[in-house]
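> Mapping of the sequence shown onto mature numbering (1 follows the signal peptide of the UniProt record, and there is no 0): residues -19 to -1, 1 to 247, in sequence order.
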Amino acid sequence: MVSFSALFVSGLMATAALAAPHQAHQHLHAKRASNKKGAAYNQASLVSALTGVSWAYNWNMESDGTLPDSVEYVPMLWGPKMYSGWSDAANSALSSGAKYLMGFNEPDVSSQANLSPSQAASDYKQYMTPYADKATLVSPAVSNSGSSGQGLDWMKSFLSECSDCKVSALAVHWYADASLTDYFKQFVTQAIDLANQNNIPEVWITEFQATGDDASQVQFLGEILPWLDSQQGVGRYSYFMCSDSVLLTAANVLSDIGQAYMSLTS
Ligand code: BGC
């Protein structure tokens, strides 16, 4: 007769034997999927609410506060207004462990960095390319405007004038209605194609947001995040943004959108 405790123990062992590889697999999977996910923030103290993001940026050259230890800070050279402070800030971020440097913010938009492709290429060579042996360099981030001279059209001109700039990641932004998931995928795929044509191994979506009520944004993220995680050409992404009323509530806890952003969806 087999005792109850022997059955219980062997049952436990069988469960453990089954569970262990499964858990290990889940863990690896979760790690890979969440590694791309970042926080776009203005207030460093809010980033800890997005448990599980691996990186963060604030459109600035310094973190403006302390980020959680597990979160890698990525400095950005936003545009001409920051050129004078850049070398000190970049060197200090690199000595604190920064691994990437991001280029200009929406140079294709007049209210943002507002630079022509040729001006941006010349400024990039002056301020960014010298760091290529110390960091991975991210391109300027363009909008998803389809107008000539903006969006990926701007990027194409920039890359043709910046083929010796040592850009290793191509950055884009995307804003549109939450129902337009096909458009999102098409836009990111076009960015990946453009990156490939220029020997740039990855695309970062450093701002994206679906327009619509909370429920439609949640639905958008439910479809888009597994897709982003599955795309080899996508290196990193960050939903706009880590602030109250979007990913957080006024009490600085995850909103419904924030929960959708942080949940493991793939
Ligand atoms: C601006 C940044 C700002 C961010 C969040 C961006 O469009 O360029 O300067 O920090 O929005 O408000």
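Where is the CB? At the ideal position from N, CA and C, for every residue including glycine.
W40: which of T187, Q167, K80 and V28 sits nearest, CA to CA?
Measuring from the Cα of W40, the nearest candidate turns out to be T187.
> Along the beta strand (DSSP E) that carries M83, what are the first and last residues, could you check?
Here the beta strand (DSSP E) through M83 covers Y81 to M83.
> Please state the DSSP three-state secondary structure of W135.
It is helical.
> If you draw a straight line from the alpha carbon of T110 to that of A196, how long is it in whole angstroms?
Rounded to whole angstroms, T110 to A196 spans 42 Å at the Cα level.
> Kindly list the residues whose CB is nearer than 7 Å to the CB of G80, restricted to its own chain and excluding five residues on each side of it in sequence; keep chain order.
For the sequence presented, residue 80 should be read as Lys rather than Gly. E53, A116 and T117, listed in sequence order.
> Under DSSP, the alpha helix (DSSP H) around D225 begins and ends at which residues?
Premise fails: D225 is in no alpha helix (DSSP H) and is neither H nor E.
> Following the continuous alpha helix (DSSP H) through L206, name the residue where it begins and the one where it ends.
Its alpha helix (DSSP H) spans residues D195 to S211.
> For the candidate residues T192, Q212, L75 and M63, whose alpha-carbon lies nearest to that of A94?
Answer by Cα proximity: M63.
> At which residues does the beta strand (DSSP E) containing Y22 begin and terminate?
Where Y22 is concerned, there is no enclosing beta strand (DSSP E), given that its DSSP letter is neither H nor E.
> Closest by CA to L161, which one among M57, N125, S226 and A20?
Of M57, N125, S226 and A20, the residue nearest in Cα terms is N125.
> Taking the C-alpha atoms as reference points, what is the distance between A176 and V123?
In a straight line, the C-alpha of A176 is about 13 Å away from that of V123.
> Is N86 near ligand 1, judged by its Cβ being under 6 Å from some heavy atom?
For ligand 1, at least one heavy atom lies less than 6 Å from the Cβ of N86.
> Can you give me the C-alpha to C-alpha distance between A241 and A157, rounded to a whole angstrom?
Cα to Cα, A241 sits roughly 18 Å from A157.
> Determine the direct distance from the alpha carbon of S144 to that of S236, and round the result to whole angstroms.
The straight-line gap from Cα to Cα measures roughly 42 Å.
> Pull up the distance between the alpha-carbon of residue 254 and that of W67, whole angstroms please.
The chain is shown from -19 up to 247; residue 254 falls before or after that span and cannot be answered.
> Based on Cα-Cα distance, which residue from S77, N179 and V227 lies nearest to S141?
S141 has its Cα closest to that of N179, out of S77, N179 and V227.
> Going by the C-beta, is W155 closer than 6 Å to any heavy atom of ligand 1?
Every heavy atom of ligand 1 is 6 Å or more from the Cβ of W155, so no.
> Cα separation between T32 and M243?
Rounded to whole angstroms, T32 to M243 spans 7 Å at the Cα level.
> Can the beta-carbon of L48 be found closer than 7 Å to that of A25?
Yes, the pair counts as a contact, with Cβ atoms nearer than the cut-off.
> What residue from Q200, G60 and Y112 has the CA that sits closest to S149's CA?
The option with the nearest alpha carbon to S149 is Y112.
> If you count every other CB in all the chains shown that lies within 10 Å of the CB of R13, and 16 or more means buried, which is it?
The predicted model places R13 with a pLDDT of 46, which falls under 50 and marks its position as unreliable; any figure quoted below should be read in that light. With fewer than 16 other Cβ atoms within 10 Å, it is exposed.
> Hey, is N23 close to ligand 1, as in C-beta under 6 Å from one of its heavy atoms?
Yes.
> Taking only runs that begin and end inside the region 134 to 188, name each unbroken alpha helix (DSSP H) of 4 or more residues, in chain order.
Entirely contained in the region 134 to 188, the alpha helix (DSSP H) runs reaching 4 residues are, in chain order, 162 to 178.
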